[in-house]
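S.K.:
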Amino acid sequence: MPLRTVRSRIASAAFAAIATAVVLTGCAASSGDAASDVMTLRVGAVTSPATDIVEAAGAAIADGYEIELVEVSDYVTINNMLAAGDIDANFSQHEPYMQEFNAKNGASLEAVQPIYNFVIAFYSKTLTDIDQLPEDATVAIPNDASNTARALKLLADAGIIGLSDGIDPYAATLDDVVSNPQNLQFLSLEINQLNTAYDEADLVFQWPSHIAALGLTPQDDGLLTELDDRFALQLVVPSAEADSDATKALIDAFTSDEVRKVIDGNDTIEAAF
3 MPLRTVRSRI ASAAFAAIAT AVVLTGCAAS SGDAASDVMT LRVGAVTSPA TDIVEAAGAA
63 IADGYEIELV EVSDYVTINN MLAAGDIDAN FSQHEPYMQE FNAKNGASLE AVQPIYNFVI
123 AFYSKTLTDI DQLPEDATVA IPNDASNTAR ALKLLADAGI IGLSDGIDPY AATLDDVVSN
183 PQNLQFLSLE INQLNTAYDE ADLVFQWPSH IAALGLTPQD DGLLTELDDR FALQLVVPSA
243 EADSDATKAL IDAFTSDEVR KVIDGNDTIE AAF
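Here the sequence shown stands for residues 3 to 275, numbered as in the numbering used here.
#1: Would you tell me roughly how many angstroms separate the C-alpha atoms of residue 129 and residue 177, rounded to the nearest one?
#2: Which residues bound the alpha helix (DSSP H) around residue 221?
#3: If you draw a straight line from the alpha carbon of residue 4 to that of residue 62, how long is it in whole angstroms?
#4: DSSP state of residue 260, grouped into three classes?
#5: Using CA atoms only, rank isn't needed, just tell me which of 233, 196, 248, 231 is closest to residue 215.
#6: Which class does residue 56 belong to by DSSP, given the choice of helix, strand or coil?
#7: Mind the definition here: the stretch 87-100 touches the stretch 39-54 only if three or more C-beta pairs lie below 8 Å; say whether that holds.
#8: So residue 107 is in the alpha helix (DSSP H); what residue range does that whole segment cover?
#9: If you measure from the beta carbon of residue 195 to each beta carbon in chain C, is any gap under 9 Å?
#10: Determine the DSSP secondary structure at residue 148, reduced to helix, strand or coil.
#11: Should residue 136 be labelled buried (16 or more other beta-carbon atoms within 10 Å of its own) or exposed?
#12: Helix, strand or coil: which one does DSSP assign to residue 184?
So, in structure tokens, the structure goes:
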């Protein structure tokens with residue numbers, strides 16, 4: 003049977019759609035009169051490879067469902083859309099980031115399935131080795147709590163900074179930096195703004211999905227790298243829908259052989275299911 007995976011793009015927190023692309027052909031949902039019996043599940047994603055995974059899941063979704071890929075420009079918007087019911091699920095975040103969003107916004111989103119782990123890294127335009135990091139270097143890191151902590155932990159594990167004794171390193175903040183012998187200057191930015199700091203900062207923390215736009219990979223260009231399965235990218239739905247038949251169909255599709263093939267074809271990620 004023909005499957006429709008619909009692609010649309012959302013530009014901002016105002017949820018303004020800026021484009022609707024072609025309908026892709028796959029192998030599950032029906033057309034014609036039977037199409038009225040098909041439930042369309044709108045799944046938001048920010049960038050590749052998450053968008054590629056959504057499309058692969060669309061090719062594997064069970065009869066009676068189709069997936070509409072909704073491309074969104076940033077991570078706050080994609081959660082606001084899910085909390086507001088404008089999409090049915092999203093796939094662009096790890097569970098700590100989602101929990102932070104819930105706490106700040108009184109939302110009830112739930113991570114229902116880890117899909118892939120990814121290698122995070124620090125990059126530099128001017129340095130070829132982390133030992134070259136100069137005094138007073140500018141270090142660009144994410145400004146959300148979970149990814150700030152992740153960046154600081156990576157620096158602490160490398161012995162570049164020291165964190166307060168007894169704290170949970172996965173909850174570390176800049177206030178917990180008690181040793182900074184090189185007097186690093188931290189620049190906190192949104193994740194999707196970190197690439198812009200690459201030309202100016204001495205060191206930049208970034209996800210592989212974003213740094214790929216600069217032609218860089220963690221394997222070839224990362225000065226400090228880390229893969230931690232607590233930060234696996236998750237399929238996220240409203241808590242009220244966590245046990246629904248539609249969510250079960252999404253989980254089956256996102257853990258399908260079609261999705262695994264996409265993951266296995268990308269050197270910067272690995273399956274988490």
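Glycine included, C-beta positions come from ideal geometry on N, C-alpha and C.
M.R.: Judging by the given coordinates:
#1: Locating residue 129 in the sequence shown gives position 127, where the first residue counts as 1. Locating residue 177 in the sequence shown gives position 175, where the first residue counts as 1. Rounded to the nearest angstrom, the two C-alpha atoms are 27 Å apart.
#2: As a position in the sequence shown, residue 221 is number 219, starting the count at 1. Taken as a continuous stretch (DSSP letters only), the alpha helix (DSSP H) holding residue 221 covers 220-223.
#3: Taking the sequence shown and counting its residues from 1, the one referred to as residue 4 is at position 2. Taking the sequence shown and counting its residues from 1, the one referred to as residue 62 is at position 60. At residue 4, the pLDDT of 35 sits below 50, so the modelled position is not reliable and the matter cannot be decided from this model.
#4: As a position in the sequence shown, residue 260 is number 258, starting the count at 1. Of the three classes helix, strand and coil, the one that applies to residue 260 here is helix, per DSSP.
#5: Locating residue 215 in the sequence shown gives position 213, counting from the first residue. The residue from 233, 196, 248, 231 with its alpha-carbon nearest to that of residue 215 is 196.
#6: Sequence index remark: in the sequence shown, residue 56 carries index 54 (1-based). DSSP places residue 56 in helix when its eight states are reduced to three.
#7: Taking a contact to require three or more Cβ pairs closer than 8 Å, the stretch 87-100 and the stretch 39-54 qualify as touching.
#8: In the sequence shown, the residue the question calls residue 107 occupies position 105. Start and end: 97-107.
#9: Here there is only one protein chain, and chain C is not present.
#10: Walking along the sequence shown from the start, residue 148 turns up at place 146. Residue 148: helix per DSSP, three-state reduction.
#11: Position 134 of the sequence shown, counted from the first residue, corresponds to residue 136. In summary, residue 136 is exposed, with fewer than 16 beta-carbon neighbours lying within 10 Å of its beta-carbon over all protein chains present.
#12: Sequence index remark: in the sequence shown, residue 184 carries index 182 (1-based). When secondary structure is reduced to three states using DSSP, residue 184 falls in the coil class, being assigned neither helix nor strand.
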